[in-house]
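**Student:**
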């Protein structure tokens, strides 16, 4: 079985800067980490390989420093890793990103199963996985928390707002992972040494044979008109609600909430 895991380097929480005009993240100036949901997807891939055999390829679109998270995945146990890197990829929205990732998947020769994190911490759109599935004409299942495979039939347990569902589909397929059944494993010393010495190829727009009209800001239909920090009123006043009995205190509290249109 051939599994491709798509991962992303996201800024450390609080270490975020935006381009003043394009409203895109300035990733070169930010310290990065492996997106937590992608780490769950990586753990799911490792568990599936232990059970069914095969190879795990890790794919990431990002700047040069994204090699750090690819080496982290290699240290966890991935077999191969590829970086998709080109200055013209900068500013790509989810549609352009999925187009570039699809080109990377095709250049790798396709896959039986593609795993993506449910969403990325920096954008939290949860769009890239489903859009990548559409680009490749793969069956897609989102919010997976467990996967079983038997005779090219995929069974996915997924978590929804209303509970748990079990869905089946034929391979090839793409699943976005909300959480792996077990905690993500730590890299071993042997894995870290192997990852440090492993060559990670980088493919650019020419290597991927992608259209310049479909990548970057010019190839992204999404337009961010404005980003602003919400106003937070720090002048907070407190009022102590008292009554002779708990019931009376509750009635006074409900009256205050209604008076302020909270109830």
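Numbering (the UniProt record's numbering), first residue to last: 1 to 263.
Each residue gets a CB set at the ideal place from its N, CA and C atoms; glycine is no exception.
(1) Give the DSSP-derived three-state secondary structure of residue 44 in the structure shown.
(2) Over what stretch of residues does the alpha helix (DSSP H) that includes residue 135 continue unbroken?
(3) Along the chain, which unbroken stretches of the alpha helix (DSSP H) at least 4 residues long are found entirely within the segment 53–134?
(4) Using beta-carbon positions only, say whether residue 217 and residue 175 come within less than 8 Å of one another.
(5) For residue 152, count neighbouring C-beta atoms within 10 Å of its own C-beta (all shown protein chains included) and say buried if the count is 16 or more, exposed if not.
(6) If you drop the 5 nearest sequence neighbours on each side, which residues of the same chain put their C-beta closer than 8 Å to that of residue 208?
(7) Could you give the DSSP three-state label for residue 249: helix, strand or coil?
(8) Inspect the CB distances between the segment 234–243 and the segment 113–131 and report whether three or more fall short of 8 Å.
(9) Which term fits residue 195, buried or exposed, when burial requires 16 or more other beta carbons within 10 angstroms of its beta carbon?
(10) Take the Cβ of residue 164 as the centre, count every other Cβ of all protein chains shown within 10 Å, and call the residue buried at 16 or more, exposed below.
(11) CB-CB under 7 Å to residue 168, same chain, minus the five flanking residues each way: which ones, in chain order?
**Tutor:** To lay it out plainly:
(1) helix
(2) 128–136
(3) 67–76, 94–107
(4) no
(5) exposed
(6) 84, 100, 103, 104, 107
(7) helix
(8) no
(9) buried
(10) exposed
(11) 153, 154, 155
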